[in-house]
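Okay, so here's the structure we're looking at.
Number of protein chains: 2
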Amino acid sequence: MKHIEGGVCAAKGFKAGGTHCGIRNNKNKNDLAMIVSDQQCAAAAVYTKNKVQAAPIAITKKHISNGYAKAIICNSGNANTCAPNGEEIANQVCELTGKVVGIDASDIIVASTGVIGEEISFEPFETGIPKLARELTYQGSKEAASGIMTTDTIEKEIAIDFELGGKQCAIGGIAKGSGMIHPNMATLLSFITTDVSISPKMLQKALSEDVKDTYNQLSVDGDTSTNDMVTVLANGLAGNKIIDCNGEEFIQFVKALREVTAHLTKKLAEDGEGASKLIICKVTDANDVEVARKISKSVVSSNLFKAAMFGEDANWGRVLCAIGYAPGEFSAENIDVKMSSKLGEVIVCKGSRYFDHSEKVAAKVLSAKEINIDISMNEGSESAMAWGCDLTYDYVKINGDYRS
Amino acid sequence: MKHIEGGVCAAKGFKAGGTHCGIRNNKNKNDLAMIVSDQQCAAAAVYTKNKVQAAPIAITKKHISNGYAKAIICNSGNANTCAPNGEEIANQVCELTGKVVGIDASDIIVASTGVIGEEISFEPFETGIPKLARELTYQGSKEAASGIMTTDTIEKEIAIDFELGGKQCAIGGIAKGSGMIHPNMATLLSFITTDVSISPKMLQKALSEDVKDTYNQLSVDGDTSTNDMVTVLANGLAGNKIIDCNGEEFIQFVKALREVTAHLTKKLAEDGEGASKLIICKVTDANDVEVARKISKSVVSSNLFKAAMFGEDANWGRVLCAIGYAPGEFSAENIDVKMSSKLGEVIVCKGSRYFDHSEKVAAKVLSAKEINIDISMNEGSESAMAWGCDLTYDYVKINGDYRS
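For the record, the sequence lines run as chains A and B.
Residues in the first sequence are numbered consecutively from 130, following this note's numbering.
Residues in the second sequence are numbered consecutively from 130, following this note's numbering.
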């Protein structure tokens, strides 16, 4: 398995692009992205569990209910959520995309991200979609990644190649995140493409299992978005024997998928709204994997702990507090906590009690940009990780006037 | 029922006081509080559900397991949580208090609040407790309220009087809050006293029911503390016929208790860490009271919504988003949202869709210090309220260097 260039265009037969079509006022920011496969794809998706859902989610669910899709269209700048005409617009967007690309509207995945509750106009799509369709290229991943950004500060993409039954395969993805990030059994927006041949059922199985340990273990601010969606398109152009059951090749595909999603999850945490530090919390020796997931996510979700990280203060009592209110059955009697970074490491707590350490060393460790919090529960052998970021003045600033 | 002066000393036979004994370095801030009843009291309490718990919680549970207590001792400046010698110190504190006050150590409620995980020394208590016991007065409520403060900016106290079977009764309370406030089936620290005669069982019933709609509906930052505790002491000096079953007098007592707890809850939200605005969210027409509680609490807990309130931005999409991720079974299809304050009101959403309104008027409404968010679910007749505050630069500042 090795990292390669190309993002969602790394796999054979995927074109992509991004453009500014006028949904946003700022002409320097793209607001429309498209990904099109040369060939029909097995499709899988997971969605937000928020009861308020963006209109495109209902349309996408309908379109991929048969397990197949061929293209993705996504706008930023307007979430198309609670908009009076939301479903109508999402359908029109699919129809026009289908027409200019030459495929059926029902083979299109549609997504939106941006402000919730504002009216959405079809006008910018009307000129933007045909223009974008003409500009698609087999090297267009970065443009597509830019077209789905909101308050993200950098494009997030990755691709890797690997072998499957002697065939060279690739898988790649793009993602957007920033704020309203606390996925629940689904996630933010992330589009993944691969040329692996795999059945829709196995593709869905791989994705649904994967998100439990990647996107669902990410928190920027505790707010589960109305628009979360991760999709994978697999067009089979690698020519491997189709994966339609469990086995060695499925395991290899799952590993490759994990490489992509774990990378994007980390990038999303790092670029969390206003973030100055990436926080990676690893829980080991837990009595249950779900408990390990809940505890690690509880720690990276704690406002108090996140503010302490911003202040580079090794206030480990807040780590213990956040462990203690995580749901699930576990003992909080014998917990060890270590904080580390490339600048060193410091054990701050042993057996749920203060462990003698130098505050000076701790402050140095925490002055790095990437901080690891390692927690041992000392009562089992399960482990899990979660990704988050610090809580900063900039988070408050960005969200105090997001719409202005 | 009318509001009176006196806080926890408003009821007959309660002395109180507060002092600086050296747990904190800052000599201008009290760090020890004591409340003593002239007569044995029925006692009730609710505690944090955090699995990491302060040492005093275990001691208090043991001491009031027989339903009775006579005094409260509480320090601020150190949470006595995860401290190596926590239980030992909490026991010593009770023993010395009992000795100087002339009561049994097992009749004492003990509590702590402050930094988690730091070693706690008995030394300051050794001189502080005898000194404080000598200084107790029947007008000492405000001093006691100051002794339990951490980052609180004002003392929180209230008292009311009311009649019960022809007897004049009083009930009063003090509370501390500020950060790490997201109570779960219990709460922060609040001590309530009354001279009503009531059995321990009925007192516990009144308190356990009450907190579901008061302290448990409060959120400052989503962090459930390790030290939460609310206690009520009832010494019976009002001379009413003892309340030992349901009935008119129990209902009247419950109403009086609610007046005290609702007032303190509101004060706690208003003085949330870094808060510049109080936010009161009322949910009506819900299909279930627990759903109404969860929805209102979800809204006041949303970081994104709280940041929007700080920015005085009527970004109602964030209200819909926070409603949508509240747990429980309900429809999000027909929701109305109104924002109001003493400066006016504005309907921003009808039937879960944008409702035409002036952003200018909305900005004026939100420029007030106390904001009401009224949500109608339009699917039932149950209602509930929750209290919170905005998310500000100061929250980040305070918690970036809480320990320094």
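Built from N, CA and C at the ideal position, the CB exists for glycine as well.
In the DSSP annotation of this structure, the continuous segment of the beta strand (DSSP E) that includes A:Cys-170 starts and ends at 161–176.
Residue state for A:His-132 is assigned as strand, using DSSP reduced to three classes.
By the 16-neighbour rule on beta-carbons within 10 angstroms, B:Ser-166 is buried.
Taking a Cβ-Cβ threshold of 9 Å, the residues of chain B close to A:Phe-439 are Val-525, Asn-528 and Gly-529, in chain order.
Only Asp-350, Gly-351, Asp-352, Thr-353, Ser-354 and Thr-355 from the segment 346–363 of chain B bring a Cβ to less than 8 Å from some Cβ of chain A.
Only residues of its own chain outside the window of five on either side were considered, and among them Ala-455, Pro-456 and Gly-457 have a CB closer than 8 Å to the CB of B:Lys-423, listed in chain order. The DSSP-derived three-state label of A:Phe-291 is strand.
Cβ contact annotation for B:Ile-327 (same chain, cutoff 7 Å, sequence separation greater than five): Ala-171, Ala-363, Ile-371, Ile-372 and Phe-382, in chain order. Within the segment 184–201 of chain A, no residue places its CB atom closer than 7 Å to a CB of chain B. Contact between B:Val-429 and B:Ala-515 holds: their C-beta atoms lie close to 5 Å from each other, under 8 Å.
Secondary structure of B:Ala-198 (DSSP, three-state): strand. By DSSP's assignment, B:Arg-482 forms a beta bridge with B:Lys-479. Per DSSP, the continuous beta strand (DSSP E) segment holding B:Gln-297 begins and ends at 296–305.
A:Pro-213 has a beta carbon lying within less than 9 Å of a beta carbon in chain B.
Each residue's CA atom was taken as its position, placing A:Ile-500 and A:Met-468 some 7 Å apart. Under the 9 Å criterion on CB atoms, B:Leu-495 is classed as non-interfacial with respect to chain A. Excluding five sequence positions before and after B:Pro-253, the CB atoms of its chain that fall closer than 6 Å to its own CB belong to Cys-150, Gly-151 and Ile-152, given in chain order.
Three or more beta-carbon pairs separated by less than 8 Å are not found between the segment 478–494 of chain B and the segment 400–412 of chain B, which leaves the two stretches without contact. Note on B:His-132: under 16 other CB atoms within 10 angstroms of its CB, so exposed under the neighbour-count rule. Per DSSP, reduced to three states, the secondary structure at A:Glu-474 is strand.
Close to A:Tyr-522, with beta-carbon spacing below 7 Å, are these residues of chain B in chain order: Tyr-522 and Val-525. The beta carbons of A:Ser-427 and B:Cys-211 sit no closer together than 9 Å.
No Cβ of chain A is located within less than 9 Å of the beta carbon of B:Arg-422. Taking the Cα positions, A:Lys-158 is about 27 Å away from A:Ala-174. B:Phe-251 is classed as exposed because its beta carbon has fewer than 16 other beta carbons within 10 Å across all chains shown. For B:Val-389, the enclosing alpha helix (DSSP H) begins and ends at 377–399. Around the Cβ of B:Thr-266, a 10 Å sphere holds fewer than 16 other Cβ atoms; the residue is exposed. In terms of Cα proximity to B:Gly-440, the closest of A:Ser-275, A:Ile-527 and A:Ala-139 is A:Ile-527.
Annotated three-state conformation of B:Ala-404 is coil, per DSSP. With a threshold of 16 other beta carbon atoms within 10 Å, B:Gln-333 meets it and is buried. Within the segment 153–167 of chain B, no residue has a Cβ lying closer than 8 Å to any Cβ of chain A.
Under the criterion of beta carbons closer than 8 Å, A:Ala-183 and A:Ser-241 qualify as touching, at roughly 6 Å. Cβ-Cβ distances below 6 Å link A:Ala-139 to Ile-133, Ala-288, Ala-299 and Gly-301 in the same chain, with the five nearest sequence neighbours on each side left out; the list follows chain order. By a beta-carbon distance limit of 8 Å, A:Thr-355 contacts B:Gly-453. Their separation comes to about 6 Å. With a cutoff of 9 Å on beta-carbon distance, A:Leu-293 and A:Asn-369 are scored as near each other.
Beyond the five residues adjoining it in sequence on each side, B:Lys-411 comes within less than 6 Å, by CB distance, of Asp-503 and Met-514 in the same chain, given in chain order.
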